[in-house]
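J.:
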Amino acid sequence: MEETPPRRLRPSPLPILLVLLVLSLSPYAVVAAPINAPANSDAFTPPDNYLFDCGNPSSTTAPGNRVFVGDPETGKYLSYSGRNIQAAAPQPDPTVPSPIYNTASVFESSATYTFHVTRPGWHWIRLHFSPVQNNLQKDLKTAKFRVTTSSSIVLVQEFEMPPNTTWSMREFLVNVTTERFSVTFSPVEGSLAFINAIEFVSAPDILLGDVASSVFPKGSYPGMTSVAYQTAYRLNSGGPAITPENDTLGRNWYPDQPYLDPKFMGSVVTVKPNVITYPQGESPLIAPPFVYATATQMADANVQVPSFNITWRMKVDTSFQYFIRLHFADIVSKSVNDLYFNVYINGRPAITGLDLSTVAGGLSAAYFADFVLNSTMVAAGLDPLTVQVGPMNENAGTKNALLNGIEVFKMNNSVGSLDGEFGVNGERLGGNAVNGTVAAVGFAMMFGAFIGLGAMAVKWKKRPQDWQKKNSFSSWLLPIHAGDASFLSGSKTSLGSRKSQVFSSTMGLGRYFSFAELQEATNNWESSAIIGVGGFGNVYLGVIDDGIKVAVKRGNPQSEQGINEFQTEIQILSKLRHRHLVSLIGYCDENAEMILVYEFMANGPVRDHLYGNVGKALPTLSWKQRLEICIGAARGLHYLHTGAAQGIIHRDVKTTNILLDENFVAKMADFGLSKDAPGAEQTHVSTAVKGSFGYLDPEYFRKQQLTDKSDVYSFGVVLLEALCARPAINPALPREQVNLAEWAMQWKRKGLLDKIIDPTLVGHISPESMNKFGEAAEKCLSEYGVDRPTMGDVLWNLEYALQMQESWSQEKGDDDFAAPSSPRVDECPPAQSAVESKPSTAIEEEAKPLTATAGEAQAIEEHSGTAMFAQFAALNGR
């Protein structure tokens, strides 16, 4: 279902007669261009236009023919009781963009510039800094000072010149409501304050209205006119820098190339500025035609159906909320209603199915959309801030996406600061409670703690003594409730006696958690804590024992779906411990609950780091990292096959079931489909076919005979995913490319495996290492299990490939290569909700039996053309 694009920001509409009256009387009225009118400059004469060249005895003409007046004029607006110190560069500095940076006023104590406001409303405040020489012989590079306003806004908490720079400009947008407005420069004790130039200039009312769209949770965000803003980024996508000469409001627009990541995913498209039109309600004052006349569009990926996002990454201060304005104009289509695409901000859908020519009113028509990224989203690790555009999955129009411009503004916090956590009067963000309140809260917390400790002591006393001895992390390998026939036998749940059997037959479940503990750990099972979903129920991110993160897998008492897999996972993990297997920490069996607690895997599934980025800013893995991850997973599987008294077959090996901890150590997860390996006198296990598309052993599929070589086949597909960074099955690709295993092996047999590897690895992978890796994958994918190697043999080959890579890297000096953080070319659009997004947890979504609808089976057969999928379709009743 298409989503309505967010409304653009506009001032509240007035009755038509009042509007006409205002337009007829005001010399500063701005008239928007009529529908489909050619682009024009839309001249705006600011009522307030203060341009000060501080420290200069005469006036200066800056680029754009803007005249900055010198000290004889600016002195009328300055309130300062100290010595009048002027600083001037001995000769013009060629590294600064304007002569206004060659002089400065220096203050030893607080100094205030006060402006008379002709007309209340939006005003630009631009502060220009450059540490020029001064007659005090003080190094202004070390100057530290504060900049505040009379409206109690902290513009700069403690100014310091950015390193390795000769000049700095900070731009603010403030809604001024008083007749006088002042800006104060206050040096830190023992330091100085200085300013080279000040701009205090009116901005048109049309620039910013009162309501924007919240990115998450979705909805309107009112009150925009009561906020002060600082410009963080203003980018001209696909075009060169735009200086104040070409922007009526004196703004600077910078090229977007430094922020594209990776750069090769975007290509430049341009038209002449005079073809840009501004529909009713739009204006060149929002953005000049030079912005809309250029764009970054999807690059040619040399595939039949491109499916990737263009990504811009920008560093932000995660302590603040941000206002984001995106500019669009369809300058690529030949006809209307042919371009539909999605827009994402930090992985969240901002606009779904943007029909640009419709909402803008035609081709080459200007359109913009405004969003607010709230503090919750920013605090969730959104550094850098990402903006993405990508094509829709539906067969609608041309597969393309574009963006013409990006503006990002920091919004002041609750204490009125745009820089730091303190307000003008020293108020700290979050507030400081009075001593009495602090004491009262502290006493209440202490009292509550005593009550809690007392309750715990009573509960502890009532527990069996043997349980008290075993309830610790050191007892993970000890049996719990061994021989206790009453364990859960009396539980009255919708699972009935089956649940009792699940737990009573299981040994070594680790630590016992009370339901209250896990309820607290997950913030009362808060929906935002859900990091995985399956037939068994939800997986939550929990925090126990003063900061330890865990994955809490809570069974749904109202459903028996997934109970068999749940029981299997318990039985497998309760008797296994290995560095490369996800660890079971403990369980809870109170009332109708069936909960398991696992170690938390901070870096989530391998798939997310290869191509399933889902909008998250994950760094691309180097070849050495991929080898180490594959080796770790191979060790885990080798232990499963040989380490237990009776081997275990995982039966659902795939990149979403290989998880990475904070150190990128790979661990096998999701043992819900696992089976005990055949005994000494057996060659296979006869069982129904279960697994995942693209990874399924064809021999197992044909004969329904499961062996450990079925895992080996699936692991061969995983190896190809690591090498090529694309899904095992991708129906959107041409027929011959749908199945990764078949397609890659065709190239391998031609000796051209290097032609299909992940483009980010080109030039950073040893040919010998790649060939050895390819040989290992090819052997794993042998049609018959008897021809496939054991996991031990695969492990040996992978370690050999790693040695080759390390030797080659040392010779080339590329040992620590790590590709830039970037989404994959095969990346799917970001998930629509937190529940749908890929989890960073020890437990992935439950593996499902190999079933599908008739439509799904038909689509797979049509794209793949393999006999295996044709048989599968027949099994599913087509």
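Residue numbers -32 to -1, 1 to 846, in mature numbering (1 follows the signal peptide of the UniProt record, and there is no 0), belong to the letters of the sequence shown in order.
Backbone N, C-alpha and C fix where the C-beta goes; we use that ideal spot for every residue, glycine too.
1) Thinking just about the alpha-carbon of each residue, which of A267, R575, Q356 is nearest to the one in T624?
2) Write down every uninterrupted run of the alpha helix (DSSP H) in the segment 727 to 766 whose length is 4 residues or greater and which is fully enclosed by it, in chain order.
3) Helix, strand or coil: how does DSSP classify E667 here?
4) Please confirm if the segment 509 to 522 is in contact with the segment 554 to 568, defined as three or more CB-CB distances below 8 Å between the two stretches.
5) So the candidates are M379, N372, G662, F258; which of them puts its Cα closest to the Cα of A180?
6) Which residues does DSSP list as the beta-bridge partners of K186?
7) Please state the DSSP three-state secondary structure of P352.
8) Within a Cβ cutoff of 6 Å, which residues of the same chain sit near D665, ignoring the five residues on either side of it in sequence?
9) What first and last residue would you give for the beta strand (DSSP E) that runs through D679?
10) Between the Cα of residue 848 and the Cα atoms of Y308, K283, L307, H295, which residue gives the shortest distance?
11) Going residue by residue through the segment 264 to 305, where are the continuous alpha helix (DSSP H) segments of at least 4 residues, counting only ones entirely within it?
12) Please state whether DSSP places A820 in a helix, a strand or coil.
13) In the structure shown, what three-state DSSP assignment does residue 866 receive?
14) Could you tell me the distance, in whole angstroms, from the CA atom of L397 to the CA atom of Q125?
15) Report the rounded CA-to-CA distance for A30 versus P67, giving the unit in angstroms.
16) Within its chain, find whatever has a CB closer than 7 Å to the CB of K716; leave out the 5 residues flanking it on each side and keep chain order.
17) Express the C-alpha separation of F288 and F632 in angstroms, rounding to a whole number.
18) Taking just the CA atoms, how far does L386 sit from K438?
19) Mark H84 as exposed unless 16 or more other C-beta atoms lie within 10 angstroms of its C-beta, in which case mark it buried.
20) DSSP has S159 in a bridge; who is on the other side?
21) Note the first and the last residue of the continuous beta strand (DSSP E) segment covering D21.
22) By alpha-carbon positions, which one of V392, P247, D178 ends up nearest to F339?
23) Enumerate in chain order the residues of its own chain whose CB-to-CB distance from G394 is below 8 Å, with the five nearest sequence positions on each side excluded.
24) Checking the sheet assignment: what are the DSSP bridge partners for I313?
25) Could you tell me which of Y222, A489, K740, L217 sits nearest to I210, measuring between CA atoms?
26) Mind listing, in chain order, the continuous beta strand (DSSP E) runs of no fewer than 3 residues lying wholly within the segment 539 to 622?
27) Count the other C-beta atoms from every protein chain shown that fall within 10 angstroms of the C-beta of K622, then say buried if there are 16 or more, exposed otherwise.
28) In terms of residue numbering, what span does the beta strand (DSSP E) encompassing V142 cover?
29) Output the boundary residues of the alpha helix (DSSP H) element that contains R717.
30) Give me the Cα-Cα distance between M636 and V115, rounded to the nearest whole angstrom.
31) With a CB to CB cut of under 7 Å and the five nearest residues on each side skipped, what residues in its chain are close to V121?
32) What number of angstroms, rounded off, separates the C-alpha of T279 from the C-alpha of A111?
33) Between the beta-carbon of E710 and the beta-carbon of L578, is there less than 7 Å?
34) Less than 7 Å between the C-beta atoms of D323 and Y312, yes or no?
35) Mind reading off the beta-carbon distance from S737 to M772? Whole number of angstroms is fine, and I expect it under 8 Å.
36) Touch check for the segment 55 to 65 and the segment 145 to 160: three-plus C-beta pairs under 8 Å?
T.: According to the data block:
1) Of the candidates A267, R575, Q356, the one whose C-alpha sits nearest the C-alpha of T624 is R575.
2) Given a length threshold of 4 residues, each whole run of the alpha helix (DSSP H) inside the segment 727 to 766 is given here in chain order: 735 to 748.
3) Of the three classes helix, strand and coil, the one that applies to E667 here is helix, per DSSP.
4) Using a Cβ-Cβ distance cut-off of 8 Å, the segment 509 to 522 and the segment 554 to 568 are in contact, since at least three pairs of beta carbons, one from each stretch, lie closer than that value.
5) The candidate whose alpha carbon is nearest that of A180 is M379.
6) Per DSSP, none; premise fails for K186.
7) Of the three classes helix, strand and coil, the one that applies to P352 here is coil, per DSSP.
8) S678, Y681.
9) Looking at the DSSP string, D679 is not in any beta strand (DSSP E); the run it does join, the alpha helix (DSSP H), is 676 to 692.
10) There is no way to answer for residue 848, as the model of the chain reaches only from -32 to 846.
11) Qualifying alpha helix (DSSP H) stretches: none in this window.
12) With a pLDDT of only 37 at A820, under 50, the local geometry of the prediction cannot be trusted, and the value read off the model is given with reservation. DSSP places A820 in coil when its eight states are reduced to three.
13) The shown model of the chain, from -32 to 846, leaves out residue 866, and the question about it has no answer.
14) So the alpha carbons of these two residues sit roughly 13 Å apart.
15) In this structure, the CA atom of A30 is about 7 Å from the CA atom of P67.
16) Hits under 7 Å: G742, E746.
17) Going from the Cα of F632 to the Cα of F288 covers about 30 Å.
18) Residue placement at K438 cannot be trusted, given a pLDDT of 31 that sits under 50; the coordinates are not used to answer.
19) Here H84 is exposed, its C-beta having fewer than 16 other C-beta atoms within 10 Å.
20) Secondary-structure assignment with DSSP links S159 through no beta bridge to anything.
21) Unbroken beta strand (DSSP E) run through D21: 17 to 21.
22) When the alpha-carbon of F339 is set against those of V392, P247, D178, the nearest one is in D178.
23) In its own chain, leaving out the 5 sequence neighbours on each side, no residue places its CB closer than 8 Å to the CB of G394.
24) Paired residue(s): R316, V355.
25) Ranking the options by Cα distance to I210, first place goes to Y222.
26) Qualifying beta strand (DSSP E) stretches, in chain order: 552 to 556, 563 to 567.
27) Counting the other Cβ atoms within 10 Å of the Cβ of K622 gives 16 or more, which makes it buried.
28) Per DSSP, V142 belongs to the beta strand (DSSP E) from 136 to 144.
29) Element bounds for R717: 708 to 717.
30) Their Cα atoms are separated by approximately 54 Å.
31) Val is not the amino acid found at residue 121; the sequence shown has Ile there. Non-local C-beta neighbours of I121 in its own chain, meaning closer than 7 Å and more than five positions away in sequence, comprise V142, A196, N380, G384, L386, ordered along the chain.
32) For T279 and A111, the distance between alpha carbons rounds to 37 Å.
33) The answer is no: Cβ separation not under 7 Å.
34) Contact: no.
35) Rounded, the Cβ-Cβ distance is 4 Å, consistent with contact.
36) With a cut-off of 8 Å, the segment 145 to 160 and the segment 55 to 65 do not count as touching, because too few Cβ pairs lie within range.
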